[in-house]
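So for the sequence shown, my numbering puts the first residue at 7; every next one is plus one.
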Amino acid sequence: MSSRLPKQVDPWRVSEQGLSYTGVVELVDFPRLAPLLIRLQGKVAYAFRFSRDGLGRPLIAGNVEATLWQTCQRCSLPVTIPVDADFQLVVVEGLDEAAALDDATDPLMVDEAKIHLLELLEDELLLSLPVVARHEACQAWQYDDEPIAAESRENPFRILQKLKH
Ligand SMILES: [Zn+2]
């Protein structure tokens, strides 16, 4: 991996230090996402900022940006899915704490005082995928509306020749 993103961090420690991470990783670094994509060339830009919330819990504000390629379920042609997702997570210890969070914040349960940043990004990318991938307007479906017009316009070179004469 060509990124300085640490594989895992202790959320309490990095929140205490107020650390931030920004950079780019490759799409092929996401093994759960990869099988859902038809094109794995591409990069994922990320940003993480660690702080504490009002109750002293680790608070992670982040963003993930990528262009994902899937197959349109209507016309079977490739469709691009632009992702630019902000997320905000708070490390909680139980379901009661999770239920008490506001709508803008999602709970994050932590195993062994570690969070895996790449897995967290992958979760956000997976959440950003549409339930059914499809074009807003499929090209294949436009044949009915707009029959392909034969080239009826005059050849521009012929027009030039006429002008010369
Ligand atoms: Zn389509």
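Just so it is clear, CB atoms sit at the ideal spot from N, CA and C, and this is done for glycine as well. The structure presented is a predicted model; accordingly, all values stated were derived computationally and were not measured.
Q: Could you give the DSSP three-state label for R38: helix, strand or coil?
A: coil
Q.
Is any non-hydrogen atom of ligand 1 found closer than 7 Å to the C-beta of V85, if you look at the structure I gave you?
A. yes
(Q) Closer than 8 Å is the cut-off here; do at least three beta carbon pairs connect the region 102-119 with the region 136-145? (A) no
Q: Give every residue whose Cβ lies closer than 5 Å to any heavy atom of ligand 1, listed in chain order.
A: C78, R80, C81, H141 and C144
Q. Any idea if A72 is buried or exposed, counting beta-carbon neighbours within 10 angstroms, 16 or more meaning buried?
A. buried
Q | Reference F56; option with closest CA among L107, I87 and F93 | A | F93
**Q.** Sub-8 Å separation of G29 and L11 beta-carbons
**A.** yes
(Q) Just list the residues that DSSP pairs V138 with in beta bridges. (A) Partner(s): none; V138 has no beta bridge.
Q: Would you tell me roughly how many angstroms separate the C-alpha atoms of V97 and F54, rounded to the nearest one?
A: 14 Å
Q) Who pairs with W75 in a beta bridge, going by DSSP? A) T86
Q.
Do L124 and Q13 count as a contact pair if the criterion is CB distance below 8 Å?
A. The residue you asked about is not Gln; residue 13 is Lys in the sequence shown. Contact flag set, yes.
Q: Mark E118 as exposed unless 16 or more other C-beta atoms lie within 10 angstroms of its C-beta, in which case mark it buried.
A: exposed
Q.
Here's the rule I'm using: 16 or more other beta-carbon atoms within 10 Å means buried, otherwise exposed. How should P88 be labelled?
A. exposed
Q: Specify, as a first and last residue, the run of the beta strand (DSSP E) that A51 falls within.
A: K49 to R58
Q: Below 6 Å CB to CB, which residues in the same chain sit around L114 once its five sequence neighbours on both sides are set aside?
A: L95 and V97
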